[in-house]
Amino acid sequence: MRHRISCFALAICLCTSMPQAVRADGEIVSIYTTLDFDNRCVELPVEEAEAWLSCAGHGGYGILYSEGDLRQSLFFGYVGDWYASGAWESFTSFNHVNDTVEWRLRDGVPLATILRWFVDNPNPETGAPDVRHQGQVLVVSKVGQPRVGDACVVGYVDALQNADANEMARRIADTLVESFTCRTDEPQYHGDPGPFAGFPSRYFGILDNP
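Just so we're aligned, residue 18 is where the sequence shown starts under my numbering, counting upward by one.
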């Protein structure tokens, strides 16, 4: 998937969210927003994409969403102009995301997001995906900052296989995101990935095709 549009900081569209109390003492806290495709997203004209949207996030930090072949991809915050060369982070299997985004904030600044993905897996008896074989993965992403634009997936946690999956995802967000270099460092599964976790897929345009 290639996006032929200059889109630095494009994800700031429609970026209002409900006011939240955030402590200003350096402690990292969570707030939650809803990914509402019908009311809080605008469609963007991009070639070769089944859907490409700019959606509301939190406090000026938006969400870039794209979809192709029943697979979804999201980037958060002020996304750099590298995105215009083609960028995609998803799973190889059919998938879709939950509508609740957890944002991890320090002093009111979003550093990371945690989003639950549903990953389809075939039933070996029928060859078709079904709910019993559907995986759930918490995807931790780095939020792009103004004039920096570094946004990407940092890590994965199998939500079905790990009893403390939510806390694991928050630890990844709080300890690994700021030092993670997007498009260079490789995101990894943390904890125990089960049989339905799925295989991540990544593509960064000209960086993958010199």
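Think of the CB as a built atom: it goes at the ideal place given N, C-alpha and C, for glycine as much as any other residue.
Note that the structure is predicted; figures quoted are calculated from it, not measured.
With a threshold of 16 other beta carbon atoms within 10 Å, GLN205 falls short and is exposed.
In the structure shown, TYR95 adopts coil according to DSSP, grouped into three states. Look at the region 129 to 209 and you find these whole runs of alpha helix (DSSP H), each 4 residues long or longer: 182 to 192. Between the alpha carbons of PHE213 and SER110 lies a distance of about 10 Å. The alpha carbon of VAL171 has as its nearest neighbour, out of LEU87, ASP55, VAL46 and PHE92, the alpha carbon of PHE92.
Per DSSP, SER102 lies in no beta strand (DSSP E) segment and is marked neither H nor E.
The beta-bridge partner set that DSSP reports for ASN112 consists of VAL136. The region 174 to 186 makes no contact with the region 138 to 149: fewer than 3 CB pairs, one atom from each, lie closer than 8 Å. Looking only at TYR100, LEU87 and ASP86, the smallest Cα-Cα distance to ILE80 is reached by TYR100. For ASP191, same chain residues with a beta-carbon under 7 Å away, outside a window of 5 residues either side, are ILE45 and ARG121 in chain order. Taking C-alpha positions only, GLN89 is separated from ARG164 by approximately 26 Å. In this structure VAL59 is exposed. Its beta-carbon is surrounded by fewer than 16 other beta-carbon atoms within 10 angstroms.
Going by DSSP, LEU70 is part of the beta strand (DSSP E) stretching over 68 to 75. With respect to the 8 Å criterion, GLY94 and ALA168 are classified as neighbours on the basis of their beta carbons. Looking at the DSSP output, ARG121 bridges to SER47 and ALA129. In this model, SER158 and CYS199 are separated by some 10 Å (Cα to Cα). Between GLY152 and GLY215, the CB-CB gap stays under 8 Å. No Cβ-Cβ contact shorter than 8 Å links LEU52 with VAL126. Residue pairing of PRO212 in beta bridges, as defined by DSSP: absent, with no partner found. If you ignore the 5 residues before and after VAL174, its C-beta comes within less than 6 Å of the C-beta of LEU155, ALA182, MET185, ALA186, HIS207 and GLY208, all in its own chain and listed in chain order. Rounded to the nearest angstrom, the gap between the Cα atoms of GLU195 and PRO62 is 32 Å.
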